[in-house]
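Just below is one structure, and these are the notes that go with it.
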Amino acid sequence: MKKMTVISGKGGTGKTSLVGAFASLAGGDLILVDGDVDAANLSLITGSDLLETHEFYASKVAKIDREKCSACGLCIDLCRFEAISKEYLVDPINCEGCSFCAHACPDGAVSMLDKTSGQWYVSNTTYGKLVHARLGIAEENSGKLVTTIRNRAQELAEVSGKKYLLIDGPPGIGCPVIASLAGVDAALIVTEPSVSGIHDLERVVALCRYFEVSPVVCINRYDLAETQTSRIEDYCLKERVPLAGKLPFNRSFVEAMVRGKPVTEWIDGSLLKEINVVWEILSK
Amino acid sequence: MMNLAIASGKGGTGKTTVAVNLALLLSQDEQVEFLDCDVEEPNAHLFIKPKFESVKEVGIPNPVIDFNRCDFCGRCAEVCAFNALAVFQEHVMVLPELCHGCGSCAYFCPQKAISEHDRTIGVIESGSVNRIDFVHGCLNPGEAMSPPLIDAVKKMASRDKMTVIDSPPGTSCPAISAIKGSDFCILVTEPTSFGLNDLDLVYQTVTRLGLPSGVVINRCDIGDGRVEEYCRKNNLPVLLKVPFDRKVAGLCACGEPVIFKFPAWQKNFKQLYDQVRILVEGAVYNEKNDSY
């Protein structure tokens, strides 16, 4: 099984649209993972029939029992996350779940409660199974959630003997991106020809190298700013990052998306061929 | 003074474009502070082009074990909620990337064998250009935890100026750290199924934080009408609609602020700001009335 991740650094470059397209091109021989757990969109393209729902417990939150609390103030002094108010109320958003207060409280008034940080799902799609998740609003531990769904996807791929595991990564370079990227066999970086796109490309290439994953690059909407496209090409050449393809700006991407279809099922001709080439390079 | 955060659930909708142009417009009349809190991928400096004057490292306090004192009792590993310490018969292993810097291991160590030393996770750079004071954070690639760096960027704010915050995408801890405590949140989206789905998530987030918000619909002529319908249903004001324009896209791609090249955009952003001000002042007024 080949494990692949699509990332971008900068958001909105077309990761999910391409993953949807690849899913369609792979002819059912893959398991999909939507690693963008705080804004998951892949199922809007692939469709999804829910098979499994799981609660995700990854963190704890402090609770102060006011009956036992003698208001000594120690917890407030020790907490580094400004999570306990002068009235001894815990702010669940600020609380890091570190349990420092619970261990230190001389009155034994603080307990740590399990907190549901989200849910994760296995769904059937036309293209194979999709493992996806929904991180609770304002929750943390997105990296752990990505690891959870990746592990489940790997099991599913092994059991069913699928050829590919394809992860739609989140934007940025932080914990959910690391959890999507570490230990995969190949990565595709989708970038766009803009100063922001290039800046973020450089950072995400550095991240790939940190985790010893060799990336290939696809420049999306390359014709919107050709001078920036040449800068990306120069950069790729200099850094020896292979260019897998250049895709033009094309309204078909959005038209397909609002109809809930992979773009490859909405177009024909040269764009379809070019997307196919990118998939061949990534998956070979 | 107003603290304005620009956010979006989905990435690449135009947060930075809105934040940068708004800040540049406002800076024509007053001193503005710009905080780029998208520390994983900070980009606003590419448009505002400040002259950076200072760099400061930001770290998370990590435990360092003094093996002359440590008797391998295991208390540190017991109190650590993040498994960042593992104690063996004659060794203690610290896993820095798991440490949240809460300090409980050092506090509870009976031998006082643990001291804390900052492990750098990124830098804060600050500088200025014209009437904009600019601060951004830059997370080191490979670091997982951005919120401590975002908090550090926000602590640089002087609080007596108009402040514009460019947030990271999403609805999890980095986005929350960035928008928490602001007076108003501008939610930038696009009229597609992805845009709608993620607008819903980010709107739930700001509502949960109790922040007033309004929407900018970027590339309003692509996609469909469901985002506007959503805004209508939720009584969420649409502050600005921006049609897709190849020339504008090309300009943004090259790091040029739109308001300088297309004067019509000055008017659009002025109207955007006026609406925000009315909404913020309205919210303050209502709060005052409620408290009577």
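Going line by line, the protein sequences match chains V and F. Each residue of the first sequence is one higher than the one before, counting from -6 in the numbering used here. Each residue of the second sequence is one higher than the one before, counting from 2 in the numbering used here. Just so it is clear, CB atoms sit at the ideal spot from N, CA and C, and this is done for glycine as well.
- The residues Ala24, Ile133, Phe135, Val165, in chain order, have a CB closer than 6 Å to that of Phe35 of chain F in the same chain once the five nearest residues on each side in sequence are set aside.
- In this structure the segment 52 to 64 of chain F touches the segment 93 to 100 of chain F; the number of beta carbon pairs closer than 8 Å is three or more.
- With distances taken between CA atoms, Cys68 of chain V lies nearest to V:Tyr81 out of V:Lys61, V:Tyr81, V:Arg252, V:Asp58.
- Residues of chain V with a Cβ closer than 8 Å to the Cβ of Asp199 of chain F are, in chain order, Ala32, Asn34.
- Listed along chain V, the residues sitting closer than 7 Å to Lys11 of chain F by beta-carbon distance are Gly4, Gly5, Ala32.
- Residue ranges of uninterrupted beta strand (DSSP E) with 3 or more members, entirely inside the segment 77 to 119 of chain V and ordered along the chain, are 103 to 118.
- By the criterion of at least three beta-carbon pairs nearer than 8 Å, the segment 103 to 118 of chain F is not in contact with the segment 148 to 156 of chain F.
- Secondary structure remark: continuous beta strand (DSSP E) runs of at least 3 residues inside the segment 133 to 169 of chain F, in chain order: 133 to 140, 163 to 167.
- Annotation: Tyr228 of chain V is outside any beta strand (DSSP E); the continuous alpha helix (DSSP H) that includes it extends over 219 to 232.
- Of all alpha-carbon atoms in F:Gly10, F:Leu47, F:Arg76, F:Glu117, the one lying nearest the alpha-carbon of Ala32 of chain V is that of F:Gly10.
- About 6 Å separates the Cβ atoms of Val228 of chain F and Gly196 of chain F, confirming a contact at the 8 Å cut-off.
- In this structure, DSSP gives Glu230 of chain F a helical state, which the three-state scheme calls helix.
- Pro51 of chain F counts as buried, since no fewer than 16 other beta carbons sit within 10 angstroms of its beta carbon.
- When the five nearest sequence neighbours on each side are left out, the beta carbons in the same chain lying within less than 6 Å of the beta carbon of Phe48 of chain F are those of Val21, Gly256, Pro258, in order along the chain.
- Below the 7 Å Cβ cutoff, chain V contributes Val251 as neighbours of Asp225 of chain F, in chain order.
- Around Ile177 of chain F, the beta-carbon contacts reaching into chain V at under 7 Å are Ile86, Ala131.
- Interface residue (Cβ-Cβ distance to chain V less than 9 Å): Glu42 of chain F is classified as such.
- Distances from the CA of Asp199 of chain F to each of V:Leu128, V:Gly262, V:Ser116, V:Ile166 were compared; the closest alpha carbon is that of V:Leu128.
- Only buried fits Gln221 of chain V, as 16 or more other CB atoms lie within 10 angstroms of its CB.
- Taking Ile125 of chain F as reference, the option from F:Gly251, F:Phe270, F:Asp39, F:Lys242 with the minimal CA-CA separation is F:Asp39.
- Put simply, the segment 27 to 41 of chain V does not touch the segment 181 to 199 of chain V. Fewer than three CB pairs are less than 8 Å apart.
- For the segment 140 to 154 of chain F, residues whose beta-carbon sits nearer than 7 Å to a beta-carbon of chain V comprise Leu140, Pro142, Gly143, Ala145, Met146, Ser147.
- The beta-carbon separation of Leu240 of chain V and Ile24 of chain V, rounded to 25 Å, does not stay under the 8 Å limit for a contact.
- Pro148 of chain F is positioned such that its CB atom lies closer than 9 Å to that of Ile177 of chain F.
- Bounds of any alpha helix (DSSP H) do not take in Lys53 of chain V; it lies within the beta strand (DSSP E) bounded by 42 to 57.
- Fully contained in the segment 7 to 41 of chain F are the following beta strand (DSSP E) runs of length 3 or more, in chain order: 33 to 37.
- Taking CB atoms only, Leu230 of chain V has no neighbour in chain F less than 9 Å away.
- Taking 8 Å as the Cβ-Cβ cut-off, the segment 118 to 152 of chain V approaches chain F at Leu128, Ile130, Ala131, Glu132, Glu133, Ser135, Gly136, given in chain order.
- Burial check for His125 of chain V: the Cβ neighbour count within 10 Å reaches 16 or more, so the residue is buried.
- The beta-carbon separation of Pro170 of chain F and Leu280 of chain F, rounded to 23 Å, does not stay under the 8 Å limit for a contact.
- Identification of residues in the segment 223 to 254 of chain F having a C-beta nearer than 8 Å to some C-beta of chain V yields Ile223, Gly224, Asp225, Arg247, Ala250, Gly251, Cys253, Ala254, given in sequence order.
- Contact annotation: in the segment 152 to 173 of chain F, residues whose CB is within less than 7 Å of a CB in chain V are Pro169, Pro170, Gly171, Thr172, Ser173.
- The criterion of a C-beta distance shorter than 9 Å is satisfied by Ser1 of chain V and Thr184 of chain V.
- The three-state reading of DSSP puts Asn34 of chain V in coil, since its state is none of H, G, I, E or B.
- Among the residues of the segment 84 to 118 of chain F, those with a Cβ less than 8 Å away from any Cβ of chain V are His101, Gly102, Cys103, Gly104, Ser105, Tyr108, Phe109, in the order of the chain.
- Taking each of F:Asp222, F:Lys234, F:Cys186, F:Gly123 in turn and checking the Cα distance to Arg247 of chain F, the smallest one comes out for F:Asp222.
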